[in-house]
Structures are given as C-alpha cells and as structure tokens.
C-alpha cells in the first residue's frame, strides 16, 4: 500500500511528518486528514491558535505534494466528508471547460471582426443610414 505523509503548515512554517501512514488511495488519505482536523483544530484553539490558518499537505514518499486539506474546508463545512472526485472525472471536466472556452473565444473573435468591419465602414462613409 502507498505511504502518505501529512505535513502541517501553519503561520510558523511547516511541521513535517517523517513517519507517514499507509492507505489504499489518495482518497483514503484525504478522508483521514479530514477526520483528524476537528480534533487537532480544537487542540489549536485551546492553545489560542487560529485553526483556520492551518493546512495539511499530503505528500508521497518522494515529497511531491499530492493534495492540500485546509482546515477551513473541514471546519466551515458542517457536513460529512466527501471523497474528492477521481482524476479521470476532473480531466473530463477540464476538457469540457476548455472546449467551452474555445467556443466562447471563437464567438468573441467573430464579434470583434464584425465590429472592426463596422468601424471601417463608418470611417469610409459606407455605413448604412437609417
């Protein structure tokens, strides 16, 4: 099973997790971080520290950042944790968004060309008179 490290970033810097924990997936690691936040947030608040200023950084053994779990995401939600969407779902969503942006970009370019043509007609006096 893959090992994940849960570093704690706060106002005073990064507190590294040198042990890590094994989970079947990044989603399972996320849910563990999510479940840990309320208790750790209460401990921080008891020490007069603002839990909203803290973030779990989940990394792989090579130290690559895989995911951030801001405490505000958990503390402000007030509902049960939801596993993040799969990377393939996010890739599909991103692809759809890129297509929509390209379509809108093409429409803007068409309107710009039409506007430039109308302005050119106005400058040469070929504008339609109503």
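In the UniProt record's numbering, the protein residues as written are 1 to 130. Yeah, the Cβ is synthetic: ideal placement off N, Cα and C, and Gly gets one too. Every value quoted in this text rests on a predicted model; they were computed, and no experiment measured them.
query	result
Can you tell me which of 46, 75, 47, 15 puts its alpha carbon nearest to the alpha carbon of residue 58?	15
Tell me which residues share the same chain as residue 61 and place their Cβ nearer than 6 Å to its Cβ, disregarding the 5 neighbours each side in the sequence.	3
Using only CA atoms, which one of 108, 114, 9 lies nearest to residue 50?	9
Taking DSSP as the reference, what is the three-state secondary structure of residue 19?	coil
Please report the Cβ distance between residue 66 and residue 52, rounded to the nearest whole angstrom; I am assuming they are in contact, meaning their Cβ atoms lie under 8 Å.	That pair is no contact at about 22 Å.
So is residue 107 buried or exposed if we call it buried at 16+ other beta carbons inside 10 Å?	exposed
Could I get the ranges of all uninterrupted alpha helix (DSSP H) runs contained in the region 56 to 104, with 4 residues as the minimum, in chain order?	71 to 75
From what residue to what residue does the beta strand (DSSP E) around residue 9 run?	3 to 10
Taking the continuous alpha helix (DSSP H) assigned at residue 35, which residues delimit it?	26 to 46
Pick out whichever of 26, 17, 18, 93 has its Cα sitting closest to the Cα of residue 1.	26
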